[in-house]
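Numbering (the numbering used here), first residue to last: 787 to 1036.
First comes the structure, then the notes that go with it.
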């Protein structure tokens, strides 16, 4: 077989080496020996596009800079530099991640706004004309018990829009007003008096005012009304104070 081809036959191993180290129609590919000195390693990555320092990566917050985390951007620069990442590759990865996070943030705040609207619709349905007054009760109770730190927590977590918590704070505000807590309520907006009468005469006057209030009587007279139980309890308490001997509702 060797005589057939003769000594001038090409060395197949040499051809394989050429293919593995060359690009078609281009220069040989760069390789880096594991034993290369540090200066050769640095030159190798620099030629591929790695900047000299982490600050050399040009990263932008994009069109929507709101919420852009500068500290995270600085961390990414250093991590990319430690990983020998070329500048164009680092920028592409950074921009893709930035846009993804911005889209996630938009979806989050849209969901928060939707829940807020749904909560308000529920409370307006339940409280009717008394909505503004009851909301004022809730705000004043929050101010009294937690101040700005509590308001910030409720706003940041979205819990301040939960109907159950809003109702709870509204009831707390009403109780404080009735027990001398120094938190008045907007009776005109609420449509119902909220202070606890000091004597039978005051209780009788409150009963008359409630009976002349169309919104209150709508809830009081309709067992299916969402505020019927509240109106019923309020009237029961007033009658017990107004007519302690009989304790019977007229």
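Just so you know, even glycine gets a beta-carbon here, dropped at the ideal spot from N, CA and C.
Keep in mind that this is a model prediction, so the values were computed, not measured.
{"Check": "Cβ-Cβ distance between residue 956 and residue 920 below 7 Å", "Outcome": "yes"}
{"Check": "Stretch pair the segment 819-839 + the segment 871-889: three plus CB contacts closer than 8 Å", "Outcome": "yes"}
{"Check": "Every unbroken alpha helix (DSSP H) within the segment 987-1035, with a cutoff of 4 residues, ordered by chain", "Outcome": "1000-1006, 1014-1028"}
{"Check": "For residue 952 and residue 848, the rounded distance between their alpha carbons", "Outcome": "38 Å"}
{"Check": "Contact check, residue 1028 vs residue 986, beta carbons under 7 Å", "Outcome": "yes"}
{"Check": "Whole-number beta carbon distance between residue 944 and residue 898, since they are thought to touch under 8 Å", "Outcome": "5 Å"}
{"Check": "7 Å Cβ shell around residue 779 - same chain, five flanking residues per side excluded", "Outcome": "With the chain covering 787 to 1036 only, the question about residue 779 has no answer from this structure."}
{"Check": "Three-pair Cβ contact test at 8 Å for the segment 882-895 versus the segment 920-930", "Outcome": "no"}
{"Check": "DSSP three-state assignment for residue 885, whether helix, strand or coil", "Outcome": "helix"}
{"Check": "Residue 865 to residue 830 span [Cα, whole Å]", "Outcome": "18 Å"}
{"Check": "Reference residue 1020; option with closest CA among 1030, 998, 989, 822", "Outcome": "989"}
{"Check": "For residue 832 and residue 855, the rounded distance between their alpha carbons", "Outcome": "28 Å"}
{"Check": "Proximal residues to residue 891 (C-beta, below 7 Å), its chain only, five neighbours per side dropped", "Outcome": "853"}
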